[in-house]
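Read left to right, the sequence shown gives residues 1 to 462 (my numbering).
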Amino acid sequence: MENSRKIDKVVNLAKRRGFIFPSSEIYGGLNSIYDYGPLGVELKKNVKKAWWDFMMARKDVVGLDSAILAHPRTWEASGHLDGFTDPLIDCKKCKNRFRADHLLEKKGLKPDFAKTKPMDMKDIKCPECGGELTDVRQFNLMFKTFMGPVEDSASQLYLRPETAQGIYTNFLNTKESMRMKMPFGIAQIGKAFRNEITTENFIFRMREFEQMEMQYFVHPDGKDDIFDTWKKLRKEWYLSLGLSKENLRFREHEPDELVHYASKAFDIEYNFGFSESEAGFKELEGIHDRGDWDLSRHQKFSGQKLIVKDDDNKDYTPHVVETSGGVDRATLAFLIDAYDEIEGGRTTTTKSVKDAEVVLRLDKRLAPIKIAVLPLSKKVELSKKSNEVYDSLVSKYRIRYDETGSIGKRYRRQDEIGTPYCVTIDFDTLENNQVTVRDRDTMEQDHVVIEELESYFAEKFN
Ligand code: ATP
């Protein structure tokens, strides 16, 4: 199935089955803010764990968890205060608000990203009502807040728009405390906030979201090889967790499109399918060469030396190769890619064979629930045995216990949320101590003795 046909179905499934809810829904929702439900929180945690394990398996990368609030000088130094803006435009008639660059892109025109002169919007009308548009204004995306009881400019802080700056301001602390040798990386997962102008496309563009970023500090010589290695490794990571090759691609940023800190940038793009055209491909993660912009700026603004010595004992400011991915965008991509719908169903025994059957073919490591325990009936003897099975596995795996509805329906409920294995306990189990294990993807069934379940699953999940 085309991804453009999947997106609405995934949004529907996400709400219906407890993955993602609109935030504060009982109050009518809050634009572009989402909550992760019981299955969503498991899936998102698994995405983060896969990324964290991938980074922490490396000898040259260490972790960090810096605060969301930072000294306000951080954002002067980083350039976000002056430069972290999007071009905003309003319709004079219907008062709708748009991103000017997005309106140009929709018309097939290339936006001029240079902020030194206004964007050429003379042929563009409001896409909603055809009305005349205002001039373009640059709008800063950082959320403001205040520290302490007085709300004045001296107490003004910002919610971080990226996690990376906390890594730069902890560069020396981390290097020295962990005795890291150059080159090395610092990885961090955490919330970021952007007051986005347009907030379409579900969790693709949110105002509160999570990033998984790794900043790799290098000597400028040899930086290009390191950049290419990270670019390759990051794409392979998505492929290894199940995204299909044809839905992933690289896109290099044009020189006039590069953000203020970057001298080279590639996006890993995923075909989210928001439209049927090429524009279905959108940024999933950025690989950026940030040069020595960040450390030299923090050096200048803080007065602290952020330098290291090269092999000839000469001082230099490290350059940075960054991999910057969105947890929510990755979660959405994994959901879309895993979504499969089988017309007419996979089984011929259930009454509902005419309905399409949904199977969420998530990688086992990402699946929110690993095993479902399903007693064939609610009879006490079966419940007792089933609870024993549940108890024997629950310390190792996230497990659901479901005893309501026909067994066919229960399999389908688990297929729809991507549970790789269902364990069925029936009356034979009471005689021979064997359960039936059904595989989500092949629907093959194995008969396994209860005492051997642990080693059976250890092998399956390895
Ligand atoms: P876009 O061009 O789509 O606005 P960006 O180039 O501003 O993205 P970066 O600043 O490179 O994004 O941020 C790194 C990553 O953080 C992105 O690749 C994306 O996965 C994630 N991200 C950025 N903004 C958002 C957002 N508003 N909602 C969800 N994820 C986001």
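In this text, a Cβ means the ideal position worked out from N, Cα and C, and glycines have one as well.
Looking at the structure shown, is residue i part of a helix, part of a strand, or coil, going by DSSP?
i           : result
residue 8   : helix
residue 453 : helix
residue 186 : strand
residue 156 : strand
residue 353 : In this prediction, residue 353 has a pLDDT of 49, which is less than 50 and means its spatial position is unreliable; what the coordinates show is noted afterwards. Note: residue 353 maps to helix in three-state DSSP.
residue 80  : helix
residue 251 : strand
residue 417 : helix
residue 219 : coil
residue 358 : strand
residue 329 : helix
residue 444 : coil
residue 30  : coil
residue 397 : coil
residue 199 : coil
residue 35  : strand
residue 424 : strand
residue 436 : strand
residue 461 : coil
residue 339 : strand
Cβ-heavy atom distance between residue i and the ligand ATP below 7 Å?
i           : result
residue 248 : no
residue 355 : no
residue 211 : yes
residue 326 : yes
residue 206 : yes
residue 405 : no
residue 329 : yes
residue 284 : yes
residue 194 : yes
residue 162 : yes
Please determine, among the options, the residue with the shortest C-alpha to C-alpha distance to residue i.
i           : options           : result
residue 141 : 375, 88, 72       : 88
residue 192 : 325, 368, 43, 340 : 325
residue 319 : 296, 156, 383     : 296
residue 301 : 29, 131, 72       : 72
residue 409 : 345, 389, 272, 46 : 345
residue 163 : 190, 137, 138     : 190
residue 404 : 95, 383, 437, 366 : 383
residue 165 : 239, 179, 79      : 79
residue 415 : 341, 446, 459     : 341
residue 10  : 40, 33, 460, 32   : 40
residue 231 : 239, 220, 287     : 287
residue 56  : 37, 272, 188, 31  : 188
residue 34  : 209, 52, 393, 423 : 209
residue 220 : 76, 453, 316      : 316
residue 247 : 270, 15, 241, 215 : 270
Tell me the DSSP bridge mates of residue i?
i           : result
residue 323 : 214, 287
residue 174 : Answer is none; residue 174 lacks a bridge partner.
residue 267 : 251, 286
residue 64  : 188
residue 515 : With the chain running from 1 to 462 in the structure shown, residue 515 is simply not present.
residue 144 : 158
residue 87  : 138
residue 98  : 89
residue 497 : Any answer about residue 497 is impossible in this case: the structure gives the chain only from 1 up to 462.
Give a yes or no on whether the minimum CB-CB distance between residue i and chain D is below 8 Å.
i          : result
residue 48 : The chain inventory of the structure shown lacks chain D, comprising one protein chain alone.
Review point. With contact counted as at least three CB pairs below 8 Å, one residue from each stretch, are the region 246-263 and the region 174-191 in contact?
Key: no
Practice item. Could you tell me whether the region 223-234 touches the region 170-180, where touching means 3 or more Cβ pairs closer than 8 Å? Key: no
Practice item. Tell me, please, whether the region 411-424 touches the region 358-374 by the rule of three or more beta-carbon pairs shorter than 8 Å. Key: yes
Practice item. Would you check if there are 3 or more beta carbon pairs closer than 8 Å linking the region 117-128 to the region 101-108? Key: yes
Check your understanding: With a cut-off of 8 Å, do at least 3 Cβ pairs link the region 228-239 to the region 64-71?
Key -> no
Check your understanding: Should the region 94-103 be regarded as contacting the region 325-340, the criterion being three or more beta carbon pairs within less than 8 Å?
Key -> no
**Study point:** the region 334-342 in contact with the region 4-23 per 3-pair CB rule at 8 Å
**Key:** yes
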